[in-house]
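To keep things clear, I will list the structure first and then write my remarks on it.
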Amino acid sequence: MTENKIRKLQQTVSWVKKFYPHEPEIGIVLGSGIGNLSREIEIEFKADYSEIPEFPVSTVKGHSGELIFGMMNGKRIVAMAGRFHYYEGYSPEQVVFPVRLMKLLGVKTLLLSNAAGGMNKNFKVGDLMIITDHISLFTANPLIGPNVEWLGSRFPDMSEPYSRKLIEKARAVAFKNSITVKEGVYAGVSGPSFETRAEYKLLHMAGADAVGMSTVQETIAAVHLGMDVFALSIITDMGIREEDNVITHEEVLQAAREAEPRLTAIFKALIGSI
Ligand code: HPA
């Protein structure tokens, strides 16, 4: 089983190397409604997920499903336009396959983005939130199963999943670009149903400022691999709110699109500073 996992990864690495022999140093994952950031990349090579051996295919509206290689702000990067979610039916291991691939291609720093529901009363729709820590107990851990020592240790430390150094750099970059950013704890849940009022309240009481259906599995896999991680959420809806409104996927995508230029500016400047 372990050999099989390693073989699959190596096959995909060889396939990529045939077309793109360079080593990207930064990996980027673009969340729901955040695909436009890829316009900032000077593209050198890209592949549809359906072409890449061992890659699952993304099915969610708002995700294009391409792995893009190129330059951004002077750095060699690889970006996932569209990610794999646990709620789509992929195993947690499939969800993190691209993160492992990125590591084997040379990536040392992983930048994650997502759409998230806000629970902190000081947040509003359209805010950006730097993830300072996460709660992943409400979804499946991608490291369950036999550990592949070649990738990382059985019990990785999670005391600093999001690099303090990168958080500091992002704060500085946001300030310099006059972009307001909030900070907080992200709770990862499986979805696909949005949370009930009682669930938002519970997550908030548990210490979370925002909740979403992605990111934590990728972060855990990246920490296991020894990568530095930075993650930024767009608050696309408020879970704890006064009005009696319902939350829709369209509203989430719309809010993400509106906030995207600010997120892109931060990612671009942060990449330049790494
Ligand atoms: N809950 C979970 N995931 C989400 C939300 C939410 O309110 N908004 C965007 N992704």
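My numbering puts the first residue of the sequence shown at 1, with every later residue one more than the last. For every residue, glycine included, the Cβ atom is placed at its ideal position computed from N, Cα and C.
Inset, instruction - Enumerate in chain order the residues of its own chain whose CB-to-CB distance from L30 is below 8 Å, with the five nearest sequence positions on each side excluded. - result: The residue labelled residue 30 in the question sits at position 30 within the sequence shown. Closer than 8 Å at the Cβ level, and outside the excluded window around L30, lie L37, S38, A79, M80, A81, G82, R83, S113.
Inset, instruction - Please find out if some non-hydrogen atom of ligand 1 comes closer than 7 Å to the beta-carbon of E195. - result: The residue given as residue 195 occupies position 195 in the sequence shown. For ligand 1, at least one heavy atom lies less than 7 Å from the Cβ of E195.
Inset, instruction - Would you grab the beta carbon distance between R162 and I131 for me? Rounded to a whole angstrom, and I think it's under 8 Å. - result: Taking the first residue of the sequence shown as position 1, residue 162 is located at position 162. Taking the first residue of the sequence shown as position 1, residue 131 is located at position 131. In the sequence as presented, Arg is not what sits at residue 162; that position holds Tyr. 6 Å between Cβ atoms; contact.
Legend entry - I247 (DSSP reduced to helix, strand or coil): Position 247 of the sequence shown, counted from the start, is the residue given in the question as residue 247. If DSSP states are grouped into helix, strand and coil, I247 belongs with coil.
Legend entry - Nearest-angstrom Cα separation, counted from L202 out to E44: Taking the first residue of the sequence shown as position 1, residue 44 is located at position 44. Taking the first residue of the sequence shown as position 1, residue 202 is located at position 202. Cα-Cα distance, rounded: 46 Å.
Inset, instruction - Answer yes or no: the CB of G117 versus the heavy atoms of ligand 1, is any distance below 7 Å? - result: Indexing the sequence shown from 1 puts residue 117 at position 117. Distance from the C-beta of G117 to the nearest heavy atom of ligand 1 is below 7 Å.
Inset, instruction - Verify the contact flag: T236, CB atom, against every heavy atom of ligand 1, threshold strictly below 7 Å. - result: Residue 236 sits at position 236 when you count from the first residue of the sequence shown. Flag set: Cβ of T236 near ligand 1.
Legend entry - Entirely enclosed beta strand (DSSP E) segments - the region 40 to 82, minimum 3 residues: 42 to 48, 66 to 72, 75 to 81
Legend entry - Any non-hydrogen atom of ligand 1 within 7 Å of A213 CB: To locate residue 213, count along the sequence shown from 1; it is residue 213. Looking at the sequence itself, residue 213 is Met, so the reference to Ala does not match. At least one heavy atom of ligand 1 is nearer than 7 Å to the Cβ of M213, so yes.
Legend entry - Cα-Cα separation, L270 to G226: Translated into positions along the sequence shown, residue 270 becomes position 270. Translated into positions along the sequence shown, residue 226 becomes position 226. Looking at the two C-alpha atoms, the distance is approximately 20 Å.
Inset, instruction - Taking only the alpha-carbon atoms, compute the straight-line gap between P98 and R257 and give it to the nearest angstrom. - result: Residue mapping note: residue 98 aligns to position 98 of the sequence shown, counting from 1. Residue mapping note: residue 257 aligns to position 257 of the sequence shown, counting from 1. Computed Cα separation, rounded: 24 Å.
Inset, instruction - Check whether the Cβ of V252 sits closer than 7 Å to any heavy atom of ligand 1, and report yes or no. - result: Sequence index remark: in the sequence shown, residue 252 carries index 252 (1-based). Yes, the Cβ of V252 comes within 7 Å of a heavy atom of ligand 1.
Inset, instruction - Could you spell out where the alpha helix (DSSP H) holding A222 opens and where it closes? - result: Taking the sequence shown and counting its residues from 1, one reaches residue 222 at position 222. Run containing A222: 216 to 224, per the alpha helix (DSSP H) assignment.
Inset, instruction - Tell me, please, whether the CB atom of A256 is closer than 8 Å to any CB atom in chain B? - result: Judged by its chain identifiers, the structure shown contains no chain B, having just a single protein chain.
Legend entry - Collapsed DSSP secondary structure at V229 in the structure displayed: Within the sequence shown, residue 229 is the residue found at index 229, counting from 1. Of the three classes helix, strand and coil, the one that applies to V229 here is strand, per DSSP.
Legend entry - Paired residues, beta bridge with L112 - DSSP: To locate residue 112, count along the sequence shown from 1; it is residue 112. The partner list for L112 (beta bridge, DSSP) reads V29, A231.
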